[in-house]
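Down below is the structure, laid out as structure tokens.
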Amino acid sequence: MAALTPTVLPDVSAPAHVPGRPRRVRVWRGVVLVVAALYFLAPLLASFIFTVNDPTQGFTLDAYGEIFPADGFAQSLLLSLGLAVATIVVVLALTLPAMLAVRLSAPRLRPVMEVVCTLPLVVPPITFVAGISTVLRWGPDYLATTPFYQTVMAIQNPSFPVVLVIADVVLALPFVYRALDSGLGAMDVRTLVEAARNCGASWPHVVFRVIIPNLKSGLASASFLTLALVLGEYTVARLLGFQPFSVWIVTVSGANAAMSVAVSIFSLLLTWLLLLILSTVGTRQRSGP
Amino acid sequence: MNGARVEFRGLRRTFGTAVALDGLDLTVEPGELIALLGPSGCGKTTALRCVAGFERPDAGAVLVDGDDITRVPANRRDAGMVFQSYSLFPNLNARDNVAFGMRVRKAPAAKRHARAAELLELVGLPTHGDRYPHQLSGGQQQRVALARALALEPRVLLLDEPLSALDAKVRVTLREEIRRLQLSLGITTIFVTHDQEEALSIADHVAVLKEGRLEQSGPPAEIYDRPATPFVAEFVGTMNHLPGRLSGDEVEVIGQRLPVQGHTPGATDVDVLVRPETVLVTPAEDGEALVVTSSFRGSSVRLLLRLDDGTEILADLPGHDATRLAPGGRAGIRLVERPVLVAPRTAAPVEVLTAAE
Amino acid sequence: MAETLATAPVDLPPGNPVRGGGSRTRSKGWTAALPLLVFVGLAFGIPALALLGGAFTSNGSLSSANLTASLQGAYLTALLGSVKLSALVAVVGAVLGTFLAQAVVTSRFRALREAVLTASGVLANFGGVPLAFAWIATLGNSGVLTTRLNLGDHGWSLYSFWGLALVYLYFSIPLMVLVVVPALDGLRPQWREAAQNNGASAWQFWRYVGIPVLTPTLLGGVVLLFGGAFAAYATAAAMVGTVVPLVTLQIADALTGNVLIGHENVALALSFDMIVVAGLVMAVYLPLQRRSARWLR
């Protein structure tokens, strides 16, 4: 911390030859950045070393080679990606019309939307899943003779648990709301829509040709946040007994430590790759026409 | 008299490859209000910031009452500054904003508040002490900023385009108040602006800057009536460029011979610079000019006229004189008999004309 | 109102001579928002009611026994442990994140700024199991740094309160950077210069203007970090099991039947406790955020 104190010292004797900011300021900045780089890079580097350094064989990439043939790998990864796609589609289909409506014709709904979309932040996922599992237990207990029972069972189908999509949509709401809200805030939706309608465009045309292209970076960041959330979501899936990718990693970790770390690195790289793709979509839009 | 003399001596400042100040020499007399006028990028703000201490010149010096203050840190300088906009501390109300400097100097609270109240009264906001910046209008914010700049009784007041973010009407009233206040306090004031009307209306002296150098400095009337260079003539007020022919120390322009002021370029074919208000227009069936457009400006009317050879002329005349000069009509043109400035012939005089607008 | 009416004719499909477009537009607004509201009502409302119902019933009748139980013994220790850990992570993360953000914001290298912001966006979302494993590989009992530096001999253990705090900071600091960078950008250079012009030193500028203006954002950031650390389960579960008492671990244990049967309702009561804590913290956050938005417009 001692290195940081110079920022708060009064600028008593300004160095005579340096125009602009005093040199001292640059020193603390450098120290902060170096320490941060060490802290944030160390686990990534160490993990990599951990996976390629076998105590008996030395350097080896076996840990990575073992990932793909491992039991359940493809299945759980596909499940996670499927859940992610479904969640993104559902959450956007729900929020986008509602948010456009708030901007265009029902500004009084705004506080309602804000509360609805902030609530999931107040409720930690573990408490949410506690509630969900209670509801799901009602199935066999009370609803066995009603048609609801079929529904409750159907949404828990292990090959594609719809209940996880429902939970993920709720958990993603705050992030999607904020991403879209800032995207919509950056453009004047009302004027755009009025201009387009004035030119004779139909509503679907307005939404798909005018609003969505202008909202691309907002949609991209909303999608990325949702994707990252679903891929990393562990609490709900684990406690409801499903096995998407994040849960699978833990299941295999007992058997092979090096491989489970390798899978962690793999999942991080996967997230980065997806972020890169989505952010290029976003930037191209920003620097584009 | 508590004003100081401010001198700029050979001030140079570059930002990368851009030269903001290129050897500026200028003296501001004690108690005087000087306007630094020029287009954006002419270095006027940089010069002001050198006085405030936010910029350190690469070469040259700033002197206040003969003392070189170039190396004095900004927070030890005896100059109050008003910024373009949004410079009030958002977390403090108007009173605490004004009293900020005294708080920094650990003045007792009672004294601070008394002084802040006095200053708010001075700038016409005696009841606004408890308001926060976001509760004040733009004009009120600038008044508070002015009070804050004056709070420590500086010997120099620096105004960095303080009116440019305000509505036209507020701008005029506030500039007049600034002038009144400045005269009553007798404080040396440097006022940076790109608005020539503003500069001419309140300054004792106007210094026109171009590309980091002083182009001309003098009282407003002199700058307007006897611009030393075509640049000044162009920048201050509106100018017609009329084709003329030099002969001796006179110039022939639209059939008149007028004396030439200042130095003459080598060529005989020149542009004669004529103010719109020195163009006399009379309605005449067989006049040499066609009235192209007429724009009403309240007290005056500006006409755009075209001669048969294609030369276009702007003319200002009192509003009531223009009723008989509708677009499409013909008019006779004469220039007021007085010395005129000439410049080398420009390729496209019409474009320059519109640029001056 | 006038605006709604003005847009109304535009809303009408061509060739449809329906009158009273104003009310029609408004009802359309509600209709478009309806699916979301219904969805949240069902997907969020039913579990919330189930949770409340479970927390406040014992053996089929209304009672506060579960709640009382959840505030005693091991449960209370876990709750306090979570609060302590989250508070530590929130405060330290906020301070360090602010320094990092300031270092980036004042830097003249645009690329550095972009890189740090992008990395923060990724790392703030880098929680859960992979994070735990990365740290286990680094500083766990057989981690790369632990073995190379013989940290074990010095009594180091990642599977402890402090170890957990170190790991939680890994996603908390980037989150703070993301929160505070816009606020630091919003600090106008005029404020610093006006302060200097009034004789203030750099320290006095921060003391009287900079820090007060940033305070709502900083507190907001602290709240957000607290919420994140408080709710975190996956990282802790993968790292420490039950070595460090945390409320999320307790709830999970109770739900998966690792403890006595019939404790599900205590788990629900514990969940209720958590929501109360998180709700209180959020109640602090929202007004603060509104205030800073006004200042940093």
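Residue numbers (the numbering used here), protein chains in the order written: chain A, 5 to 293; chain B, 5 to 361; chain C, 34 to 330.
Note that beta-carbon positions come from the ideal geometry of N, C-alpha and C, so glycine has one too.
Values in this document were obtained by computation on a predicted structure and should not be read as measured data.
query                                                                                                              : result
Where the region 239 to 268 of chain C meets chain A: residues whose CB sits under 7 Å from a CB there             : W239, G260, F263, A264, Y266, A267
Whole-Å CB distance - B/G7 paired with B/G190, under 8 Å assumed                                                   : 5 Å
Listed by chain order, chain B residues near C/S96 by CB distance under 9 Å                                        : None at all; the shortest Cβ gap to chain B is about 49 Å.
heavy atom of the ligand NAP below 6 Å from C/L70 C-beta                                                           : Absence of the ligand NAP is noted for the structure shown, with no ligands found whatsoever.
Beta carbon proximity, C/P50 to chain A, threshold 7 Å                                                             : Low confidence applies to C/P50: its pLDDT is 38, below 50, so where it sits in the model is not reliable, and the reading given next is rough at best. Chain A contact via Cβ: absent.
Alpha-carbon to alpha-carbon, A/T64 and C/E147                                                                     : 35 Å
Contact between the region 271 to 282 of chain B and the region 309 to 328 of chain B (3+ Cβ pairs under 8 Å)      : yes
Pair within 7 Å by beta-carbon distance, B/D208 and B/L52                                                          : no
Test: A/S268 CB closer than 7 Å to a CB of chain C                                                                 : yes
Which residues DSSP lists as bridging B/K214, in chain order                                                       : B/R217
Which of helix, strand or coil DSSP assigns to B/I317                                                              : strand
Endpoints, alpha helix (DSSP H) assigned at C/G185                                                                 : Here C/G185 belongs to no alpha helix (DSSP H), and DSSP marks it neither H nor E.
Counted within 10 angstroms of its Cβ, other Cβ atoms place A/I281 as buried (16 or more) or exposed               : exposed
Distance CB(B/V274)-CB(B/L250) smaller than 7 Å                                                                    : yes
Unbroken stretches of the alpha helix (DSSP H), 4 residues or longer, contained in the region 51 to 117 of chain C : 54 to 76, 78 to 88, 98 to 103
Where B/V285 sits in the DSSP three-state scheme                                                                   : strand
Classification of A/P217 by the beta-carbon crowding that lies within 10 angstroms, buried from 16 upward          : exposed
Nearest-angstrom Cα separation, counted from A/T230 out to C/W168                                                  : 24 Å
The region 51 to 62 of chain A / the region 129 to 137 of chain A touching (three or more Cβ pairs under 8 Å)      : no
C-beta neighbour in chain C for B/L345, strict 7 Å                                                                 : no
Distance between A/P115 and C/P320 (C-alpha atoms, nearest Å)                                                      : 14 Å
C/G130 at chain B interface by Cβ criterion, 7 Å                                                                   : no
Opening and closing residue of the beta strand (DSSP E) in which B/T197 lies                                       : 192 to 197
Beta-carbon proximity list for C/A170, same chain, < 8 Å, skipping 5 on both sides                                 : G176, V177
Members of the region 106 to 119 of chain B that neighbour chain C once the beta carbon cut-off is set at 8 Å      : R107, V108, R109
Alpha-carbon to alpha-carbon, A/A183 and A/S225                                                                    : 6 Å
Simplified DSSP state of B/L345, which is helix, strand or coil                                                    : strand
Neighbour-count burial assignment, C/F166, 16 or more Cβ in a 10 Å radius                                          : buried
DSSP three-state assignment for B/R279, whether helix, strand or coil                                              : coil
For B/H267, the three-state DSSP class (helix, strand or coil)                                                     : coil
DSSP-derived helix/strand/coil call for B/N244                                                                     : strand
Strand pairing of A/N57, partner residues [DSSP]                                                                   : A/F63
Interface flag, C/G232 vs chain B, CB-CB below 7 Å                                                                 : yes
Contact under 7 Å by Cβ, A/S80 with A/F249                                                                         : yes
Chain-ordered chain B contacts of C/R221 [CB-CB under 8 Å]                                                         : Y90, S91
For B/M85, the residue or residues it bridges with in DSSP                                                         : B/L162
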